[in-house]
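Mapping of the sequence shown onto this note's numbering: position 146 corresponds to residue 149, and the numbering continues sequentially without gaps. Ideal Cβ positions, reconstructed from N, Cα and C, are used throughout, including at glycine. Quick caveat, the model's predicted, so the values are computed rather than measured. What follows is one structure encoded as C-alpha cells, with my remarks underneath.
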Amino acid sequence: MTEKNTQGGAIAWMAGNSVAANLLMLVLLVGGLFCGTRIRQEVFPEFEMDFVTISVSYPGASPEEVEQGIILAVEEAVRGLDGVSEVTSSANEGRGSVTVEALLGADLQKLANDIQSEVDRVTSFPEDAEEPQVEIASRRRGVISVVIYGDPGERVLREVAETARDNMLRSPDVTQAELSAVRDFEISIEVPQEKLRAHNLTLGEVAERVGAASVELPGGGLKTPSGEVLVRMKERRDYGREFARIPVITRNDGTEVVLDDIATIIDGFEDTDNFATYNGQQAVMIDVYRVGGQTPVDVADAVKAHVARLRESLPPGIGVDTLNDRSEHYRQRMNLLVRNGYLGLMLVFIALGLFLEARLAFWVSMGIPISFLGAMLFLPLMDVSLNMISMFAFIIALGIVVDDAIVVGENIHTWRQEGHSFAEAAVMGAREVAMPVTFSILTNVVAFLPLWFVPGTMGKIFKFIPLVVVTVFLISLIESLFVLPAHLGHQRDRVPRGLTGWFHRQQQRFSNGFSRMVRRVYTPLLDMSLRNRYLVLSVSVALLMCVLAIVISGRMGMTLFPRIESDYAQSIAVLPYGSAVEKTGAVQKTLVNAAKEIAAKNGGDQLVRGIFAQVGASSGATSGSHVAKVRVYLTPPEERPLSTAEFTRHWRKSVGELSGPESLSFKSNAGGPGSGAALTIELSHRDLGVLEAASADLADALGYFPKVRDIDDGFSPGKQQIDYKIRPEGRALGLTARAVARQVRHAFYGAEVVRQQRGRNEVRVMVRLPEAERISEYNLEELIIRTPSGVEVPLRQVVDVSRGRAYTEISRRDGRRVVTVTADVEPPGAASQVLEAVKSETLPDLVRRYAGLSFGFEGKQADMRESMQTLFTGLLGAMLTIYALLAIPFRSYSQPAIVMTSIPFGIVGAVLGHMLMGYSLSIMSMFGVVALSGVVVNDSLVLIDFANRQRQAGKSAHDAVLAAGLQRFRPILLTTLTTFGGLAPMIFETSRQARYLIPMALSLGFGVVFATLITLILVPALYMILEDLHRMIRWLWPDMEKEGVRRPD
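Here's what the structure looks like:
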C-alpha cells in the first residue's frame, strides 16, 4: 500500500493530525465531566401530564346531587373544545371532579385557559357550591415523610408538627413541606333549638350576625400634614374565645344578648372521622417535596439533620421518625446502576484484552468514556436529567457502543499484521469498514427511535432511553472513525517487557489458540452448514415456529411491568359506606395485631420498623370513615429475615376472612412500577341499577378463576339517605322547598360564617345545632322550621319522607355512566390468560343478559394495548427503514433480507432468555426487542459486506462466504461478548430495584447472543441459498442480469 493511498479524506486527515484528534477527545472528556457534575438529578424523569382537572367542592351534597349540579354542567361546557381527547369525571360526597385528557401535541396551557373560560360561563352551579378550580395536572415529587407521634392530644401534636415543618422550611434545601393525616381546623358555634326559640332566632340569622361582626376591611387613608394615615375596620377574630362577646341581639334599652349567652363555641377540628396512628400512638405526618433543581439526596439529608435535632428537643411522650425515604431508593438505584456499569466495563475490557493486543484493547475501551462523557456534553441541551432511566440507557449502550470501535480497531490490526505501517493500517483499515460501520450505527439509531413515540405517561418516561443511546452512538461513530485511527496510527513498535511483556505473551498465546480453534472447529462447521444449507434453514425455521407457538399460547405470560417489592406492606379495608368509625377502627386493629403477630414470630424489630395506620384514608376515589389503611414499614432488605412479599403473604393468611369489610386487599408492591390491579374492566350503561347488577355478576365470574384475588366490583352501597319533599300544607304556610332545605342544611351540616387564614391554616367558622341534637332521625323529624310569618312547625308536619341509599361514587367517561371492576392475578403473568377467557366467555354473556351494556378495558390492559400497538407500528417502521439503509450500501434488494433474518432469531433469543431466567414478558421486554432489531443486524451487515468484497476479488460464492466467516469470526464474537458483558451484571442482578429494568436487558443480551449463532451459521447458508436462486433465475432466463454483486470479468 503506497503512501498516496492514505492521503485525502477526513479519516486520513484526522489520522495524520494527532493534535486535532486529541483536542477533539479532550473537548468531549472535559466538557462531559463539566456538564455531568451540573446535570439535574432525580429518581424518575420530570414530565408534564396531559391532563387538565376541574374540581368543585359542594359540601354536604350526595354523589347524585354532585352529578346533577356540577358534573353534567362542566362536561357540557368542555365538550367540543379543540384539543380534547377524553373526558372522565367522578362525583363523590361533597365533591366533583372532571379530568380532561388532551390530544397528543395539544397546547395544554391554551386548553386550560379555554376550559377556565367555558367553566366561568356556567351559571347553573348550586348556590352552596364553591368556585371551580381549573388546574393542569402535575406530579408532586415527594422525597421523604416525617411522622410525629405520641399521646398528648391532637392539638399538641399538630402544633409540634407545624413548628417542625416551619423549621425545616428555613433550610435552603427544603422548599415545600405539608402536613397530612390531620383534620382541618374549624370553629364550631353550636346553638340549641331551645335558645333559638327563646330569642326568636334562626341559625341563618345567627350566622349572618356573627359574620357581620367578624370583618377586617381597609377604609382608605387620611392625608394629614404629617403624612398619610391608614383607616381600617379591625374586627377580625381568629380564635373561638374571640367570638364569645359578639352581640346577637341588641334591645331598645341598650342591653345585648351575646353569642356566649346562647351558644357553645368549640375551637377544634372539622367534624370528620380521620385519624392516624404510628406504633399504636396518635400521629401526624409531614410530607416533604423537592422543587426545581433540588436533588432527592440534598432534601432528605437536610430533613434527617433537622429530625435528629428535633428528636433531642421533643418533650417526653412524643416521638419522631422518618418514613417513605425516596432518597434511599435514589441512592440504591444509582449505586446499582453505577456498580453494574463498572462491572460491565470491566467485563468488556477483559473480553477486549483476551482477543486484542493490550494497546489496541486500551484504545478501543477508551471509546466508552469518550462516548459517555461526550453524550453528557449534549444531554443538558435536550433537558435530559441524570435519573434511573437515563442511567439504564447508559448501561444499554455500554456493550453496544464499542462495537464500531471493535470493528475498526480489529480491521486496523489485521492490516497491520499484513505488514503495513501503523499509519497506513490506521487509514486503510478505517476506510475499509467506514461504510458498514456507519450504516450499522444508523440501524442502531433507527431501532431505538420507536421508543420515542410510545404514547402516554410511559412514553414520557422512556423517551430518555433513545435520547441517551442515540447521542452515545453518534459520538461513538465520530470517535471510532476520527479519534481511534489517530491513536492507533501513531504507535511505535515496542517490545513489551516485565509484567506487560508477560501479559502480552499470554494474550498472544490465547489469540493464537483461538485462531486455531476457529480454523479447526468453526471453518469445518461452516463448510458443512453451507453444503447442507437447506437443512440448516429448515431447522432454524422450525425453532422459530416453536418459540412463536409458546408465546402465542400464552404460556410465557405477559405483564405491563414486573412487580417490584416496596419497603412496606400495605392493607386497605373498605367497609360499607357510612359504617360507624368504631367498626372501621376494629378492623384496623385486627390488621395491626395480625402484623404485630407476624413480626413477633420473625425477628420483631429486625423485621418491622413501624406500623402506620389510618382511618379515613383514601382508597382510589373512595375515602371516609369506612376506609382503613395499614402500612407496615420494614427494615432494609439485607437486614430482615423475610421479603416484603413473604411478609404480606403471612399477613394475609393471619388475617383470614373478615366479615365486616366489603373489600380487603394486601399489596407488597404498592406505589412502584407494576403496582395496580392486573385486571381493570369498565362497564357502561345508562341505568345505575343495571350497572350494579352486571358488575356483581362479573365479580362473581372472576371469583371462579383460581389465580384471581382481591376482586372489587366497583360498587359499594352508600350511606342511608332520607329524602324529603315539601307537602301542600307546608306551601300553604308560605314555605318553599329552598327555604326548608336551607334550614335543614344549617341545622345538620352548618351555616358557614366566614373562612379565613390563621397563620398557615385555613379555618372555617360554622354555626349549627349541638351534636346531641344531630344524632337521630327523631332529631330530624322534630326539627323546628320557621315560616315567613314566624310560625314554628316540626319538619315532619311539612314534608313527606322516603328512605333509600346514596351511591358512594358515580363515575363517568365521555358522558356515560361507568363502573370499574378490578382484580389482581397471581402470578401476574397469568393475567393475559384470564383476560382472554373473560373476553371470550364472561363479557359476551353479560352483554346478552343486560341489553345496552357495553364494556372496555382500562388500566394496565389499556396501557398494554396502546403501547403494544405503537411498538408494533414502530418496529415495522424501523424494519422498513433498516431495510432501506442496508439496501443502499449493498446495492441489492435481496441481500438486506438475508441480513435482517437475524432480527426474528434475535427475538427468539430474547424469549428463550426470559424463559431461562424465569421472567414473564413485559412491555420492557418489548422495548428491548425493538432496540434489538437494529443491534443484531450489525454483525450480519459486516459479514455480508466482506463476502461481497471476496466475490469482487474473484472467489466463488462458497469460498467467499467461507473466507468472510473465518475473517469476521473474531470481531463478531467479540462484539457479542462485549454487548452481553456490558449487560450481564444487570441481567443477573438480584436487587429488587433492578427488576423492572432487567427484562429489557434480557431481550438485548440474550437476543444478541442467539443472533450471533444465526449470523455465523444461518446467514452464510442463506447467502448460498440466494446464490442458488440467482443461478436458477439465470438458467430460466439467461438474458436477465444477475442482481447484486457481479463476478469480475
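Which residues does DSSP list as the beta-bridge partners of residue i?
i, result
"Ser574", "Val633, Phe669"
"Leu233", "Gly224"
"Thr253", "Glu259"
"Phe615", "Tyr281, Arg634"
"Thr814", "The residue you asked about is not Thr; residue 814 is Ser in the sequence shown. Partner(s): Ser93, Val821."
"Tyr152", "Ala286, Gly322"
"Tyr292", "Gly145, Gln179"
"Gly99", "Val59, Ala94"
"Tyr136", "According to the sequence as given, residue 136 is Gln; it is not Tyr. Partner(s): Ser58."
"Glu795", "Arg789"
"Glu193", "Thr267, Arg771"
"Phe858", "Leu686"
"Ser805", "Asp726"
Is the CB-CB distance between residue i and residue j below 9 Å?
i, j, result
"Leu160", "Ala286", "yes"
"Phe858", "Leu682", "no"
"Val945", "Ile906", "no"
"Val902", "Leu919", "no"
"Ile555", "Asn327", "no"
"Val822", "Ala697", "yes"
"Ile1017", "Gly909", "yes"
"Val472", "Ala400", "yes"
"Thr811", "Pro453", "no"
"Ala881", "Val824", "no"
"Asp276", "Gly619", "yes"
"Leu32", "Val457", "no"
"Val550", "Leu915", "yes"
"Gln510", "Leu380", "no"
"Gly1010", "Ile990", "no"
"Ser532", "Ile1020", "yes"
"Leu977", "Ala354", "yes"
Just to check my reading of the structure: residue i and residue j have Cβ atoms closer than 8 Å, yes? What is that Cβ distance to the nearest angstrom?
i, j, result
"Val475", "Phe352", "With a Cβ gap of about 18 Å, Val475 and Phe352 do not count as contacting."
"Asn282", "Gly607", "12 Å between Cβ atoms; not a contact."
"Ile190", "Val768", "5 Å"
"Leu27", "Phe485", "7 Å"
"Ser843", "Ser928", "Their Cβ separation, rounded to whole angstroms, is 25 Å, which puts Ser843 and Ser928 out of contact at 8 Å."
"Leu965", "Thr526", "7 Å"
"Pro974", "Ile409", "6 Å"
"Phe467", "Val387", "6 Å"
"Ala616", "Ile478", "With 8 Å as the limit, Ala616 and Ile478 do not qualify as a contact, their Cβ atoms being about 53 Å apart."
"Thr979", "Val1012", "6 Å"
"Ala572", "Thr651", "4 Å"
"Val590", "Ser217", "Actually they do not touch by this definition, with Cβ atoms about 42 Å apart."
"Pro135", "Ile57", "6 Å"
"Ser936", "Ala450", "5 Å"
Within 10 angstroms of its Cβ, does residue i collect 16 or more other Cβ (buried), or is it exposed?
i, result
"Pro1051", "Reliability fails at Pro1051, whose pLDDT of 35 lies under 50, so the model's placement of it is uncertain and no value is given."
"Pro791", "exposed"
"Tyr580", "buried"
"Lys632", "buried"
"Glu273", "exposed"
"Glu89", "exposed"
"Ala180", "buried"
"Ser662", "exposed"
"Arg244", "exposed"
"Arg522", "exposed"
"Val22", "exposed"
"Thr593", "buried"
"Asn515", "exposed"
"Val310", "buried"
### Query
Which runs of the beta strand (DSSP E) fall wholly inside the stretch 708 to 788 and span at least 3 residues, in chain order?
711 to 715, 720 to 729, 754 to 761, 764 to 771
### Query
Taking only runs of the alpha helix (DSSP H) that begin and end inside the stretch 875 to 917, which ones reach a length of at least 4 residues, in chain order?
898 to 902
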